[in-house]
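The structure under discussion appears below in the form of structure tokens.
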Amino acid sequence: MTERREFRWPHPLQGNSQEIWYGGDYNPEQWPEEIWDEDVALMRKAGVNLVSLGIFSWAKLQPSEDTWDFDWLDRIIEKLGTAGIAVDLASATASPPMWLTQAHPEVLWRDERGNVCWPGARQHWRATSPVFREYALALCTKMAEHYRDNPYIVAWHVNNEYGCHNRFDYSDDAMKAFQLWCKKRYGDIESVNAAWGTSFWSQQMGDFSQILPPRFIGEGNFMNPGKLLDFKRFSSDALQEFFRAERDTLERITPDIPLTTNFMVSAGNSMLDYDAWGKDVDFVSNDHYFVPGDQHLDELAYSSSLVDGIARKRPWFLMEHSTGAVNWRTINYRKEQGQLIRDSLVHLAMGANAICYFQWRQSSSGAEKFHTAMLPHAGEHSQDFREVCELGENLKVLSGAGVTSSTVVKSSVAVVYDYESEWASEHTATPTQQVRHWTEPLDWFRALADCGITADMVPIRADWDSYEAVVLPSVYLLDERNTKRVHDYVATGGKLFATYYTGIADGDDHIWLGGYPGSIRDVLGMRSEDFAPLGTDVSGVLDHLNLSNGAVAHDLADVITSVAGSAQVLAQYEAEEWTGMSGIPAITLNVYGEGLAAYVGCRLGREGLARTLPDLLSHMHITASGGSSSASVLRVERVDVNTQEHFVFLFNRTHQDVTVSREGTVLVSSRATVHEETSTATLKANGLLVMKY
Ligand code: GLA
Ligand code: GLA
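Printed below as a string of structure tokens:
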């Protein structure tokens with residue numbers, strides 16, 4: 032593991048002060064040059080101070096192997112820069128041109144059946160191809176040499192959303208790289224055999240050349256879980272190594288320009304181990320697209336909190352989100368009234384010091400022509416553009432009030448997220464396919480918010496053990512190191528909540544034996560002997576279990592058969608005798624060392640957790656802190672540690688009006704009415720308030 036890079040943030044253009052960056056991806060090559068001036072004028076009108084350029088420009092910058100054309104890019108950068116708009120410049124390597132892939136089809140990635148991913152969209156390249164690497168790094172070199180002295184480039188945007196389409200490659204290049212990766216990780220083939228449990232089904236390998244990527248094994252068959260988990264690790268690492276090669280090439284020539292690459296952190300997406308990537312960028316940046324429906328605000332807050340955790344609470348950059356609908360879901364819902372501004376300010380509340388969109392001007396052709404943008408098809412005389420301008424004003428006010436010097440106040444509760452637990456729990460041979468790691472952290476984040484607590488989402492490598500309370504939500508893998516951390520944390524006074532499907536296996540996905548959750552049974556003071564999946568796919572099986580506290584379990588319950596003398600049972604199942612679950616403990620609480628450890632042995636979902644938590648929190652002596660700590664409002668606070676100035680963000684979580692109390696000077700409000708006489712405010716649906724005290 033290399034060290035974390037020093038934090039570096041894009042500097043403002045000369046003569047400007049540090050402000051919240053505001054703008055988006057800009058693709059001027061999609062448009063005739065005649066409209067570039069209008070673009071720049073409207074950007075100024077909207078308060079845009081940064082755009083990302085060149086992300087998909089390779090074919091235009093290098094029209095053939097030996098010809099380069101930077102003139103058009105020079106012209107637009109000059110126009111932008113002289114108008115005070117900074118540039119986050121891409122390495123432009125995301126989508127290789129046709130001449131390259133026709134001359135070198137060996138750079139195209141292959142799927143698990145060996146089929147080629149042909150050009151026709153983007154990211155049709157493999158990270159492990161030495162040929163592709165050479166061409167991509169040559170482009171990085173040209174870009175950096177050409178723009179090394181350009182005063183308007185404030186950051187490098189390396190590639191784009193690595194792994195979005197080319198996460199898994201099963202080519203021979205990938206196979207060789209996977210063999211090397213295994214060699215580096217394990218040293219000798221016997222250790223790989225041991226880690227992957229290859230004595231099962233006669234899979235022993237005699238040397239590293241026998242390691243294959245997890246290629247097609249027939250529908251419905253089951254891939255070796257150890258190999259599959261390692262292939263996910265390898266695939267994340269291979270792309271990360273490619274990123275580092277691009278980064279280092281750019282940095283050699285332009286050492287003063289900070290570099291980032293845009294992650295895709297959201298609750299349902301664990302393609303890459305973004306926490307491992309976080310140490311390799313100068314500043315973390317993220318792309319986030321809203322989940323329509325009742326999760327919208329909570330999922331957004333959860334994801335941005337996780338980005339804040341990955342950034343270790345240093346400022347981060349919202350590189351992309353949408354003003355309205357995307358165009359890649361089956362049904363692409365609009366945003367509701369107020370959500371354009373609200374969503375941006377939630378990211379800001381959670382630590383983003385840059386608010387950017389995909390994209391500036393909505394395309395009229397190409398695969399994303401129905402994806403909304405800052406300047407929609409309808410043009411500047413549109414509700415969306417007016418709100419984009421209003422948001423620009425809001426951001427100016429917040430910059431002026433000093434928000435960029437503040438960071439997110441640490442919560443009392445950390446909810447742990449672990450990419451590898453998600454990867455391992457995705458395997459198809461498990462007690463139930465209804466249970467994976469990622470859903471549980473989101474349920475806890477939401478249920479805690481229902482109790483007035485805005486938790487911090489904390490990656491497992493980070494400092495979750497410094498919080499008053501910690502949730503391990505279906506953290507399926509607990510290696511020796513994290514097992515020890517859990518022990519030390521509770522022994523020294525920590526308050527732990529662990530759930531079903533936590534601590535089942537070690538870092539190699541070998542089951543901890545002797546009963547579940549193997550490695551932390553003693554901390555929790557309970558032992559489960561079996562899994563009781565709950566389902567509806569066949570009639571006559573248990574589909575739910577009622578708990579004595581009124582909550583209802585779905586999907587999975589643990590068969591807890593013993594509870595230590597130091598533990599108490601807070602709830603048990605109420606079921607008929609034949610089920611074998613009647614009277615089985617569902618929720619337990621143990622005293623361990625100086626700390627407390629609660630176990631929730633079934634999937635309660637957000638609703639069941641919200642019902643259970645008030646009692647559980649009070650057993651654990653945890654109180655919701657902060658002002659308006661009601662379920663109807665999401666409250667986030669940032670603080671400037673030097674001036675002790677606090678910024679309070681309140682967001683209405685409901686579709687009804689809610690009344691909140693004023694906690695200082697109101698800086699920004701949206702869909703809110705402030706009542707001076709009573710020092711309160713009413714937030715409409717999607718309404719918000721930002722205050723300073
Ligand atoms: C991703 C990509 C963008 C664009 C948006 C919208 O985030 O980085 O280029 O495709 O999605 O779909
Ligand atoms: C079959 C196979 C066994 C085992 C069981 C349980 O019967 O013959 O090797 O895989 O299924 O899945």
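Letter by letter, the sequence shown follows residues 32 to 724 of the working numbering.
Where a beta carbon is used, it is the ideal one built from N, C-alpha and C, also for glycine.
For Phe678, which residues does DSSP report across the bridge? Answer is Arg669 and Lys723, bridged to Phe678.
Are the beta-carbon atoms belonging to Val697 and Val705 less than 8 angstroms from one another? yes
Work out the CA separation of Thr709 and Thr690 for me, nearest whole Å. 11 angstroms
Does at least one heavy atom of ligand 4 sit under 7 angstroms from the Cβ of Glu605? Judged by which ligands are present, ligand 4 is missing from the structure shown, whose ligands are ligand 1 and ligand 2.
At 3 residues or longer, what runs of the beta strand (DSSP E) sit wholly inside the region 348-432? 383-388
CB contact flag (Ala629, Met651, <8 angstroms): Cβ atoms of Ala629 and Met651: closer than 8 angstroms.
Continuous beta strand (DSSP E) stretch holding Glu50: start and end: Run containing Glu50: none; DSSP gives neither H nor E here.
Backbone CA spacing between Thr113 and Met488 [nearest angstrom]: 40 angstroms
Do the region 677-690 and the region 709-720 meet, that is, are 3 or more Cβ pairs less than 8 angstroms apart? yes
Where the beta carbon is closer than 6 angstroms to any heavy atom of ligand 1, which residues qualify, in chain order? Residues close to ligand 1 by the beta carbon criterion (under 6 angstroms to any non-hydrogen atom) are, from first to last along the chain, Asn191, Glu192, Asp318, Glu351, Val357, Trp359, Phe389, Glu399 and His402.
What does the alpha-carbon distance come out to for the pair Ile248 and Leu565? 29 angstroms
Starting from the C-beta of Val296, find all residues in its chain whose C-beta is less than 6 angstroms away, skip the five residues before and the five after it, and write them out in chain order. Tyr305, Asn317, Ser334, Leu337 and Val338
Distance CB(Ile386)-CB(Ile51) smaller than 8 angstroms: yes
How many angstroms separate the CA atom of Met302 from the CA atom of Gly194? 7 angstroms
Excluding sequence positions up to five away, which residues of its chain have a Cβ less than 7 angstroms from the Cβ of Met254? Pro245 and Ile248
Hey, would you say Asp494 sits closer than 8 angstroms to Leu640, going by beta carbons? No, the pair does not count as a contact, with Cβ atoms beyond the cut-off.
Skipping 5 residues on each side, what residues in its chain have a beta carbon closer than 8 angstroms to that of Thr533? Leu503, Pro504, Ser505, Val506, Tyr507, Leu509, Pro548 and Ile551
Could you check whether Gly423 and Ala77 sit closer than 8 angstroms to each other, using their CB atoms as the reference points? yes
Using the Cβ count rule (16 or more neighbours within 10 Å means buried), how would you classify Pro94? exposed
Are the CB atoms of Leu601 and Cys633 within a distance shorter than 8 angstroms? no
What is the residue span of the beta strand (DSSP E) that His585 lies within? Val583 to Val594
What alpha helix (DSSP H) runs, 4 residues minimum, are completely inside the region 104-148? 129-134
Please report how far the alpha carbon of Tyr166 lies from the alpha carbon of Asn621, in whole angstroms. When the Cα atoms are used, Tyr166 and Asn621 turn out to be separated by approximately 59 angstroms.
Check Asn252 in the structure and name its three-state DSSP category. DSSP places Asn252 in coil when its eight states are reduced to three.
Determine contact between the region 100-110 and the region 32-43, defined as no fewer than three beta-carbon pairs at a distance below 8 angstroms. no
Within its chain, find whatever has a CB closer than 6 angstroms to the CB of Pro472; leave out the 5 residues flanking it on each side and keep chain order. Val446, Tyr448 and Pro504
Tell me the rounded alpha-carbon separation between Gly695 and Arg666. 14 angstroms
Just confirm the distance between the C-beta atoms of Gly382 and Pro346, as a whole number of angstroms; I'd bet it's less than 8 angstroms. Their Cβ separation, rounded to whole angstroms, is 6 angstroms, which keeps Gly382 and Pro346 in contact under 8 angstroms.
Gly55 burial status per 10 Å Cβ neighbour count (16 or more: buried): buried
Would you tell me roughly how many angstroms separate the C-alpha atoms of Leu371 and Glu60, rounded to the nearest one? Looking at the two C-alpha atoms, the distance is approximately 27 angstroms.
Would Asn577 and Val583 be called neighbours here (beta carbons separated by less than 8 angstroms)? Against a cut-off of 8 angstroms, the Cβ pair of Val583 and Asn577 comes out as a contact.
Should Arg512 be labelled buried (16 or more other beta-carbon atoms within 10 Å of its own) or exposed? exposed
In chain order, what residues of the same chain have a beta carbon less than 8 angstroms from the beta carbon of Ser394, not counting five sequence neighbours either side? Asn58, Gln61, Lys400, His402 and Ala404
Helix, strand or coil for Cys482 per DSSP? coil
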